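Enquirer: For any residue, its number in the numbering used here is found by taking its place in the sequence shown, counting from 1, and adding 22.
C-beta atoms are modelled at their ideal positions from N, C-alpha and C, and glycine is treated no differently.
Note that the coordinates shown come from a computational prediction; the quantities given were computed from them, not determined experimentally.
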Amino acid sequence: MKDFIYYAPTEVVFGRESEDKTADEVKKYGGHKVLVHYGGQSARRSGLLDKVCHQLNESGIEVVELGGVVPNPRLSKVREGIALARREGVDFILAVGGGSVIDSAKAIAYGAVYDGDVWDFYLHRAEAVACLPVGVVLTIPAAGSEMSEASVVTNEDGDIKLGYSSDLSRPRFAIMNPERTFTLPAWQTAAGVTDIMMHIMERYFTHDDDMTLTTEIAEGILRTMKDSVFAVLKNPSDYRHRAQIMWGGSVAHNGLTGCGVLDDWATHQLEHELSGMFDVTHGAGLAAVWPSWARYVYRENVSRFVRFAVKVMGVENDFSDPEGTALRGIEAMERFYRAIGMPVNIHELIGREVTDEEIHEMVRKCSRGYKTTQGQFKVLDTNDMEAIYKMAR
Ligand code: NZQ
Ligand code: ZN
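(1) Using CA coordinates, which residue listed in Val376, Arg147, Leu402 is at the minimum distance from Tyr318?
(2) Exposed or buried, Arg225, counting other C-beta atoms within 10 Å across all chains shown (16 or more means buried)?
(3) Do Asn257 and the ligand NZQ come close, with the Cβ less than 8 Å from some heavy atom?
(4) Give, in chain order, every unbroken run of the alpha helix (DSSP H) that is at least 4 residues long and sits entirely within the region 295-332.
(5) Within the present structure, is the beta-carbon of Ala165 separated from the nearest heavy atom of the ligand ZN by less than 8 Å?
(6) For Thr216 versus Thr203, is the C-beta spacing smaller than 9 Å?
(7) For Gln396, which three-state DSSP category applies?
(8) Determine the direct distance from the alpha carbon of Leu71 to that of Ala409, and round the result to whole angstroms.
(9) Nearest CA to the CA of Gly242: which residue from Ile267, Met23, Ile162?
(10) Is Leu88 closer than 9 Å to Lys73 when the C-beta atoms are compared?
(11) What residues in its chain sit with their C-beta under 7 Å from that of Ala127, if we drop five residues either side in the sequence?
(12) Under the three-state reduction of DSSP, which class applies to Tyr186: helix, strand or coil?
(13) Rounded to whole angstroms, what is the Cα-Cα separation between Arg245 and Ala65?
(14) Does Ile410 come out as helix, strand or coil in the three-state DSSP assignment?
(15) Return the residue from the list Thr176, Val324, Glu345, Gly351 that minimises the CA-CA distance to Gly336.
(16) For His76 and Gly180, I'd like the C-alpha separation in whole angstroms.
(17) Apart from the five residues just before and just after Gln398, which ones in its own chain have a Cβ nearer than 6 Å to its Cβ?
(18) Please report the residue range of the beta strand (DSSP E) in which Val376 lies.
(19) Just the C-alpha distance for Val423 and Gln63, rounded to the nearest angstrom, thanks.
(20) Within 10 Å of its beta-carbon, does Lys400 have 16 or more other beta-carbons around it, so buried, or fewer, so exposed?
(21) With distances taken between CB atoms, is the gap from Ile222 to Ala240 smaller than 9 Å?
(22) Leaving out five residues before and five after Phe330 in sequence, what residues of the same chain have Cβ atoms less than 6 Å from its Cβ?
(23) What separation, rounded to the nearest whole angstrom, lies between the Cα atoms of Asn79 and Glu168?
(24) Using the beta-carbon count (16 or more within 10 Å), is Ile27 buried or exposed?
(25) Would you kindly report the start and end of the unbroken alpha helix (DSSP H) that includes His74?
(26) Check each candidate in Lys43, Lys49, Gly90 and name the one with the smallest Cα separation from Gly61.
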């Protein structure tokens with residue numbers, strides 16, 4: 023078991039009508055003039071945005087709005103936000119939306135108080151020493167950014183998608199009303215649950231398998247997500263199951279399921295190249311990569327994959343054939359992805375076969391110019407990355 027620090031300072035305000043507490047939360051964390059950041063249409067269409075802005079105005083908090091964040095948020099929008107935040111002198115960034123809006127908000131929060139170019143942080147050329155406070159009104163459970171220290175941004179100049187992590191940007195509060203997720207399309211619901219489950223699986227597939235408590239928590243969340251996603255795909259207004267998923271998204275990525283283990287993240291790194299190059303939905307990209315990653319690495323710790331097969335996927339344990347049990351667990355995961363409408367390879371993800379040239383380009387980016395490996399469960403070099411992309415094509 024590894025030593026660990028668990029740090030999850032975000033105040034969670036969860037439940038029906040919880041967005042009514044937004045102005046109180048902003049005030050509590052020192053906001054007087056707020057940049058309200060949002061995406062395309064959903065928050066406007068649902069009335070959430072107007073409700074939140076009206077409430078802030080009524081409470082004497084000044085509001086500056088900036089919408090137009092797209093999935094796989096762009097650096098150009100971040101730069102627009104930084105210029106606006108400086109010009110207007112805002113002292114708080116409020117994200118109303120999902121992972122893309124929150125990540126864009128975090129990037130603006132870093133950039134607004136930094137003299138250089140915010141992309142420096144994502145290139146790891148500089149470390150942030152300050153950040154405006156960020157708050158969240160969450161509308162899609164998926165990325166877990168509402169409690170995480172991470173922000174992932176795509177630079178359109180070269181389609182490079184990179185993450186930057188710092189505790190400075192962990193949201194001060196996250197408001198989560200499961201009713202606000204009733205409007206999610208089935209695709210986004212399923213991709214969101216895939217991402218949530220992958221945030222747990224990236225930590226679950228580890229060689230530190232003596233941390234029983236973390237393992238049991240992880241398996242419990244994974245089983246709950248599996249059950250609840252079918253319930254909400256059948257009935258999108260099922261509050262009880264929407265609530266499981268919404269809270270699941272936060273605990274999957276706030277560090278709880280990583281306590282005491284060395285985590286992996288190779289599937290995420292391989293996927294970020296897919297969403298960077300093809301602008302696909304992050305969760306769907308994960309489903310397209312994971313089965314190939316799993317088949318490529320499972321021999322590194324067969325018993326871990328056996329446990330996953332039995333305890334999470336409900337596969338019967340054939341004690342005489344551990345490898346067979348492990349592989350049936352991966353197949354069961356593929357069947358689950360298909361059942362919720364997710365792709366299980368890149369062809370299904372982008373609608374055509376990915377070319378050798380595209381694979382080479384993704385390997386180059388994923389290895390940061392052939393300089394870094396990815397993953398911990400099996401440390402992947404560039405040959406491994408290429409092999410997995412080819413298995414997944
Ligand atoms: O733009 P609008 O119109 O709001 O539509 C959004 C968007 O098209 C829609 N949506 C959101 N809430 C809705 C809704 N539609 C109807 N009703 C609602 N209540 O959903 C679409 C997807 O939104 P997005 O914010 O992109 O989703 P998600 O939360 O999955 O975020 C994905 C981004 O997060 C990054 C991903 O790489 C990707 O860029 N990640 C961030 C992480 C982090 N910061 O910790 C970790 C993750 O692993 C991930 O990499
Ligand atoms: Zn993710």
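Expert: From the atom records:
(1) Each of Val376, Arg147, Leu402 was checked against the Cα of Tyr318, and the nearest Cα belongs to Leu402.
(2) With a threshold of 16 other beta carbon atoms within 10 Å, Arg225 meets it and is buried.
(3) Not one heavy atom of the ligand NZQ lies closer than 8 Å to the C-beta of Asn257.
(4) Entirely contained in the region 295-332, the alpha helix (DSSP H) runs reaching 4 residues are, in chain order, 304-319, 324-329.
(5) Indeed, a heavy atom of the ligand ZN lies less than 8 Å from the Cβ.
(6) Going by C-beta atoms, Thr216 is not nearer than 9 Å to Thr203.
(7) Gln396: strand per DSSP, three-state reduction.
(8) If I take the Cα positions, the gap works out to 45 Å.
(9) With distances taken between Cα atoms, Gly242 lies closest to Ile267.
(10) Taking 9 Å as the Cβ cut-off, Lys73 and Leu88 do not qualify as a contacting pair.
(11) In chain order, His59, Ile115, Ala117, Val156 place their CB closer than 7 Å to the CB of Ala127, counting only its own chain and leaving out the 5 sequence neighbours on each side.
(12) Note: Tyr186 maps to strand in three-state DSSP.
(13) For Arg245 and Ala65, the distance between alpha carbons rounds to 30 Å.
(14) Note: Ile410 maps to helix in three-state DSSP.
(15) Out of Thr176, Val324, Glu345, Gly351, Gly351 has the C-alpha closest to the C-alpha of Gly336.
(16) Each residue's Cα considered, the two are about 39 Å apart.
(17) Answer for Gln398: Leu284, Asp286, listed in chain order.
(18) First-last for Val376: undefined, no H or E at that position.
(19) As shown, the chain starts at 23 and ends at 415. That puts residue 423 outside it, with no answer to give.
(20) With 16 or more Cβ atoms within 10 Å of its Cβ, Lys400 is classed as buried.
(21) Yes, they are a contact pair.
(22) Closer than 6 Å at Cβ, skipping near neighbours: Gly351.
(23) Answer to the nearest angstrom: the Cα atoms are 23 Å apart.
(24) Residue environment for Ile27: exposed (fewer than 16 other C-beta atoms within 10 angstroms of its C-beta).
(25) Going by the sequence as given, residue 74 is Val instead of His. First-last of the alpha helix (DSSP H) with Val74: 70-80.
(26) Put simply, of Lys43, Lys49, Gly90 the residue whose alpha carbon is nearest the alpha carbon of Gly61 is Gly90.
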